[in-house]
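Numbering-wise (my numbering), the sequence shown opens with residue 362 and increments by one.
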Amino acid sequence: MFQKEPEKIERFKDQQLLAEKKHEMTVKMTGNSLENAVGNLFQVMRKQIFQEIPYPIIQMETEEVYFQEVQVKRETERFMFLFMPREKMYFTITAKIIVNVKYLNITKEDF
């Protein structure tokens, strides 16, 4: 009934807003299997990119991955110190990742 009319913003009309940036980072992560460690590595990478780029991200594409250091820690567990020994492995990976990030070059302050 007493609603305002929506405000039109003409500043972005017919303007290219899509921007692209190569982003390089070094990430270190641990997991109880190689697959788990690599999965954790890319989860941390995505979180870090969202924190470092203040714009709305459209696409992230990993271009290059370099494992700088891979450590394997082996432990033997036994039930009651004697029975059923089993070996557990923990992987720690330090990787340099280069990501191509596409984002919209706008922020809340633009409005």
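Glycine is no exception: its CB is placed at the ideal position from the N, C-alpha and C atoms. These numbers come from a predicted model, not from an experiment.
Which residue's Cα is closest to the Cα of F452: L378, E424, Q420 and T391?
Comparing Cα-Cα distances from F452 to each of L378, E424, Q420 and T391, the minimum goes to T391.
So, does the segment 413-421 touch the segment 431-439, judging by three or more C-beta pairs under 8 Å?
Contact between the segment 413-421 and the segment 431-439 is absent: fewer than three C-beta pairs spanning the two stretches fall below 8 Å.
Tell me which same chain residues have a C-beta within less than 6 Å of the C-beta of Q432, skipping the five on either side of it?
T453.
Between T455, Y464 and K449, which lies nearest to G509 when the distance is taken from Cα to Cα?
The chain is shown from 362 up to 472; residue 509 falls before or after that span and cannot be answered.
Within the continuous alpha helix (DSSP H) that includes I410, where are the two ends?
Its alpha helix (DSSP H) spans residues L395 to E413.
Beta-carbon gap between N461 and K382 smaller than 9 Å:
In this structure, N461 sits near K382, with a CB-CB distance shorter than 9 Å.
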